[in-house]
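Numbering (my numbering), first residue to last: 2 to 427.
The structure appears below as structure tokens.
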Ligand SMILES: *[C@@H]1O[C@H](CO)[C@@H](O)[C@H](O)[C@H]1NC(C)=O
Ligand SMILES: *[C@@H]1O[C@H](CO)[C@@H](O)[C@H](O)[C@H]1NC(C)=O
Ligand SMILES: *[C@@H]1O[C@H](CO)[C@@H](O)[C@H](O)[C@H]1NC(C)=O
């Protein structure tokens, strides 16, 4: 017994020591954190750095940064990253898609998650004329900047660094706050300061429109947002991917993200936002896929399917939720589902495979399995009289029919979800 007590004490001491060194382990970005650095990875997924932790994408927990970028620790105990950016210039293939990290006086260059030979180096060696102890950095390719450049921020000082000539131009971004991190995302430049952000013109530093805004409202998927955030504006303009989207037989559209959904009624351009908890209370939140069939919304979450009769209010059918396997003949979870117009075939997308379910057959069977070569996975899909919209991240792609989606060998034109589906122009 004494031995056991000793062992327990020892373990507890270890845990406490560990917890002491990791106060950030339970970092919650929905509390409104000030990030140290932000950069997008090779696949365009944003990485937010805070202390020795890293948040990947728009939701989910923090991980230790050294799990993804081990050497940041070897040379320097990783307290935090000062600044980070991805080099993304088609014209300089040798540096294309490298991610640079700035820690105190050092710069680290990663390519495909490996530290490049010879790094870390002094910032003054790699970026002569740029000071140590930076606050933020962001890559600015042509034509957004006149030349392929990197914009560095330290206090109120801003530098344009020409990647080709290494010339440094000091800039004055008068209307901009001091940035603690900055990034280039979906053709826009964002400066984060505290838990707010502003969109800026990379050449002049001008901020147009109503800024600053809450970073949580646009770049994170949270159940609660700032008290004064306007839910319609936030959901229209959020850069977080949708979970599901559908339009019912009357032509009303529903788009789901996290705990909220947007609704646009046929013949009315006004968008309304509501919580899923309020309108679909059995489902609570975070749906994986939704399709509509004969005045019902089929909503899939993990292994279960919920069916609502469309109306005011929507009513959940008796006997549901049921296992997806029982209702559609396929194991959940699935990624996206849609039915086109008045047809009876539900198209189910799981990973990069599409299945068809004949809704008139009994029992329902998921057949006609075929691979989709254009996407490794999708977030959501919608089919209406205009054809199919396949949504991946902040973009959607248009296909005239399910067959063309499956047969496609090159990606069609990319469209922006926030702008072209929800009319948010900023
Ligand atoms: C990351 O850092 C933690 C503590 O700082 C350490 O325990 C862990 O071994 C490190 N992991 C890697 C992969 O270096
Ligand atoms: C911005 O940075 C300058 C140093 O360059 C500092 O004097 C000033 O207090 C900072 N402003 C804010 C609001 O932090
Ligand atoms: C459109 O929808 C909004 C919000 O429900 C409503 O206030 C407005 O009256 C509707 N307009 C028309 C023309 O139906």
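Where is the CB? At the ideal position from N, CA and C, for every residue including glycine.
With respect to 7 angstroms, is the separation between the Cβ of residue i and the closest non-hydrogen atom of ligand 2 below this value?
i, result
"residue 1", "The chain is shown only over 2 to 427; residue 1 falls outside these bounds and no answer can be derived."
"residue 133", "no"
"residue 456", "For the chain, the structure presents residues 2 to 427; residue 456 sits outside this window and is missing."
"residue 179", "yes"
Apart from the five residues just before and just after residue i, which ones in its own chain have a Cβ nearer than 6 angstroms to its Cβ?
i, result
"residue 318", "308"
"residue 224", "260"
"residue 293", "247 and 249"
"residue 210", "427"
"residue 316", "310"
"residue 85", "38, 40 and 102"
"residue 326", "332"
"residue 263", "236, 256, 272 and 274"
"residue 288", "244, 245, 257, 300 and 302"
"residue 110", "99, 101, 117 and 120"
What's the C-alpha gap between residue i and residue j?
i, j, result
"residue 168", "residue 148", "11 angstroms"
"residue 273", "residue 255", "10 angstroms"
"residue 268", "residue 340", "21 angstroms"
"residue 504", "residue 398", "Outside the shown range of the chain, which is 2 to 427, sits residue 504, and nothing can be said about it."
"residue 355", "residue 64", "33 angstroms"
"residue 280", "residue 310", "12 angstroms"
"residue 396", "residue 415", "6 angstroms"
"residue 220", "residue 235", "10 angstroms"
"residue 161", "residue 108", "17 angstroms"
"residue 353", "residue 378", "5 angstroms"
"residue 418", "residue 237", "9 angstroms"
"residue 370", "residue 363", "18 angstroms"
"residue 23", "residue 125", "Any reading at residue 23 must be qualified, since the residue scores a pLDDT of 46, below 50, and its modelled position is unreliable; no value is offered."
"residue 286", "residue 232", "15 angstroms"
"residue 183", "residue 56", "15 angstroms"
"residue 82", "residue 54", "9 angstroms"
"residue 313", "residue 251", "14 angstroms"
"residue 212", "residue 44", "28 angstroms"
"residue 372", "residue 114", "29 angstroms"
"residue 345", "residue 295", "9 angstroms"
"residue 350", "residue 361", "19 angstroms"
"residue 135", "residue 71", "21 angstroms"
In three-state terms, what does DSSP make of residue i?
i, result
"residue 170", "strand"
"residue 277", "helix"
"residue 325", "helix"
"residue 128", "coil"
"residue 216", "helix"
"residue 232", "helix"
"residue 359", "strand"
"residue 223", "coil"
"residue 64", "strand"
"residue 370", "strand"
"residue 415", "strand"
"residue 192", "strand"
"residue 408", "helix"
"residue 298", "strand"
"residue 425", "coil"
"residue 144", "coil"
"residue 238", "helix"
"residue 180", "coil"
"residue 420", "helix"
"residue 264", "strand"
"residue 314", "coil"
Measuring from the CB of residue i, is there a heavy atom of ligand 3 at a distance below 7 angstroms?
i, result
"residue 266", "yes"
"residue 273", "yes"
"residue 253", "no"
"residue 67", "no"
"residue 163", "no"
"residue 395", "no"
"residue 385", "no"
"residue 269", "yes"
Could you pull out every residue in the same chain whose Cβ sits closer than 7 angstroms to the Cβ of residue i, ignoring the five residues on either side in sequence?
i, result
"residue 216", "193, 196, 197 and 198"
"residue 390", "382, 383, 397 and 399"
"residue 186", "41, 47 and 240"
"residue 58", "46 and 47"
I'd like the list of long-range same chain contacts for residue i, defined as Cβ closer than 8 angstroms, with 5 residues on each side in sequence excluded.
i, result
"residue 410", "374 and 375"
"residue 413", "398, 399 and 400"
"residue 80", "52 and 53"
"residue 90", "96, 97, 140, 142, 143, 149 and 164"
"residue 158", "132 and 171"
- So does the region 227-246 actually touch the region 415-427, counting three or more Cβ pairs closer than 8 angstroms? Flag = yes, the region 227-246 and the region 415-427 touch.
- Query: Given 8 angstroms as the limit, is there contact between the region 181-192 and the region 200-218, that is, 3 or more CB pairs closer than that?
  - Reply: yes
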